[in-house]
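Have a look at the structure below before the remarks.
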Amino acid sequence: MYEPLSLSWWNRISSLIIRPRRSLRDVPCATSPSSPARGIRLSHPLSAPRSYSSCDTDNESFYRYSGGRWLWDEEKQLQTRYKRFNVPELQRLAAKSVEAQACVSMIKLAEGGFNKVFRLVMDDDSVVIARIPNPNAGPSFKTTASEVATMDFARTILKIPVPKVLAWSGSSKNPVGSEYILMEEASGTPIYKVWEGMEIHDKLKIVDDIVDIEKKLLSISFTRHGNLYFAADAFPGCEKAEIDGNAMQSEREETAKRFVIGPVVDTRFWSQGRDAMDIDRGPWKKPEDYLKAIGDREISWIRQYATPKPSHGSFSVSGAQNTPSSHVALYEKFLAVADSLLPKKQDLVRSTLWHWDIHAPNLFVHDGKVTSLIDWQDVWAGPLLLQARHPRLVRYDGEVMLKLPEYFGTLVDKEEKARIRTQVERSLVLWVYESGTKKCNPILHELSQLPQWRTIRDTIEFASNTWEGDILPFRQCLIRIARHWDEINCHIPCPIGFTGDELEAHHRDGDGWNEEAEFWDSLQDFVHRDGWTSNETYDQALQMFAQLRQRGLQHLTGEERRHFEKQTRWASTT
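Per the UniProt record's numbering, residue 1 is the first one in the sequence shown, and the count goes up by one each step.
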């Protein structure tokens, strides 16, 4: 099913196997990134639940990640997701939180890249959901404390259907031996279980509810950009959460009394040694200050930690990618435009809580209504321009067809009829969402009409960690900014520019990236860019890369072959 690429593509793909990375399809001139402007959290398919009794002494499967495999760096990936905790104590606290006598069963319900979620059933049939963060989830205490406060704010202030938190701890110094959140079970049915079988009119009701949820998120903005925390948990660096603009007095008073805004928990401000660095993590008064914090953070990190990699002929990274000063030079260009890049209309960049991951696994429905929205860990109060995006549930990039064609009834090919019906349904879902947004949330429609808004957002997104990621998409964004500056800010001359030699070097570095994009597109839902694949497809995926490796060994000679053989041993099946 997944054929190896032709030998003519080998030079590019072999370097990909040595150093798997994102492709040029992620650059704004192709497809903009779907990840938010905060720490990217991979949501891999979930492992099948396994049931345990409360007296089970073998809880290793609770601790380790079992939702899939990695083709490379698996030991490292598993280590960052391995979390031991005291299972009997978690069960005891869960029972206590709902005034039950004991927990009678516990399953691992879901498992993403950053958390483990368990379903605990009590002796009185009540249910508690427990969420245990992995070591890679983010800064200790802050990540859990902010998630709990944000869920409470969404539920009590914004009136969004969110499970109630029953108990939590932001410290691992407790009987459980881990941070944890105990919450009510989300009411309703996960929408991914029923979406495909729903009638179109029921789907459109769900879309209306999503528009309403986004209206509630837009109803309040803040005077600072950062993460929400309870005032009772405030620590140095937190400021009172003050609502900006129109809001009821009761909302203003309750928010100021119960909540604060503090530093972000975005892992890109805390990972790979950044946790020990003296950098600005907010809260920020102006959105431009957030942009500057990103640029300053990366320059400081590169100067302290970036070490050029050894050269290995045609499989080396580009000269710019491997030169710290090249990264610093681009970040200095980024800082030069930071004050002038964002639109001046404050509504477009106001500090707004935004749930960027409204898609099937996080939505629950009952009787044609959204009954619960989960997974608030990444939600923060940030610039609206950088936050808002179409929910994944409504996204559709194909040809829009709002009604069945006249010839539909004459079709005899069942597959063709199903394809057209799906096309119409997806078109209607998108159209109803965009129409409802234009009517109920006009600021979102205005954002989508802003010249070069994707370029602006993508530039800020790709500004994160170019050294461990890739310099090319970030540079491509900055080139586009310089090229389209008159559309972005016509009031001042563009503060940055690129020479002819720099542009020529950029095009040389980018040679072959489209082939790499096609390669990853061919593996969509099969192998992720970090090497993850499902337990069921691991052997097939490894065999495919082993074939690629074998062809590379046949194609290469000398030092390049020796380097390639060493670096791709993970793909060897012998």
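Note that beta-carbon positions come from the ideal geometry of N, C-alpha and C, so glycine has one too. Since the model is a prediction, treat every value here as computed from it, not as a measurement.
Taking C-beta atoms as the reference points, A541 and S572 fail to come closer than 8 Å.
Boundaries around E298 are those of the alpha helix (DSSP H), 287-305, since no beta strand (DSSP E) includes it. In this structure, the alpha-carbon of V211 lies about 10 Å from that of L217. Contact check for I191 against V365 passes: the beta carbons are separated by less than 8 Å. Around A94, the same chain offers C103, L120, V128, A130, L182 as residues with beta carbons nearer than 7 Å, after the five sequence neighbours per side are excluded. G262 is a Cβ neighbour of C238, given a cutoff of 8 Å. Pairing T557 with Q550, the inter-Cα distance amounts to about 13 Å. Taking C-beta atoms as the reference points, S534 and I294 fail to come closer than 8 Å.
DSSP places H484 outside both helix and strand once states are collapsed to three, so it counts as coil. Within the DSSP bridge table, the entry for W284 names H225 as partners. For F408 and L204, the gap between their C-alpha atoms comes out near 22 Å. Contact between W431 and W72 is ruled out by a C-beta separation of about 42 Å, above the 8 Å threshold.
Straight-line measurement puts the Cα of L341 at about 33 Å from the Cα of S140. For the set G382, D209, A154, the Cα lying nearest the Cα of T223 is the one of G382. For Q77, same chain residues with a beta-carbon under 6 Å away, outside a window of 5 residues either side, are W70 in chain order.
If you ignore the 5 residues before and after Y331, its C-beta comes within less than 6 Å of the C-beta of G295, E298, I299, all in its own chain and listed in chain order. About 5 Å separates the CB atoms of T352 and L384; that is less than 8 Å, so the two are in contact. The C-beta distance from S126 to A100 rounds to 6 Å, short enough to meet the 8 Å contact threshold. Within the same chain, and ignoring the five residues on either side of G170 in sequence, the residues whose Cβ sits closer than 6 Å to its Cβ are F141, T144, A145, E179. Distance between H555 and P473, taken at the CA atoms: about 29 Å. Here K403 is exposed. Its C-beta has fewer than 16 other C-beta atoms within 10 Å. With a cutoff of 8 Å on beta-carbon distance, K83 and K108 are scored as not near each other. Judged by DSSP secondary structure, P383 falls within the beta strand (DSSP E) whose first and last residues are 381-383. For Y180, the pairing in a beta bridge is given by DSSP as S169. The C-alpha of V265 is placed about 28 Å away from the C-alpha of Q91. Bridge partners of R69 according to DSSP: T533. Here P161 is near V370, since their CB atoms are less than 8 Å apart. Bridge pairing for N115: P133 [DSSP].
For the 8 Å CB-CB criterion, I496 and A482 form a contact. For Y290, the closest alpha carbon among the candidates D275, Q304, R268 is that of R268. Per DSSP, T144 lies in no beta strand (DSSP E) segment; the continuous alpha helix (DSSP H) that holds it begins and ends at 142-156. It is roughly 42 Å from the alpha-carbon of S61 to the alpha-carbon of E415.
At the C-beta level, H484 and T455 come within 8 Å of one another.
For K257, same chain residues with a beta-carbon under 6 Å away, outside a window of 5 residues either side, do not exist. D525 and E185 have their C-alpha atoms some 29 Å from each other. Taking all protein chains shown into account, P451 has fewer than 16 neighbouring C-beta atoms within 10 Å of its C-beta and is therefore exposed.
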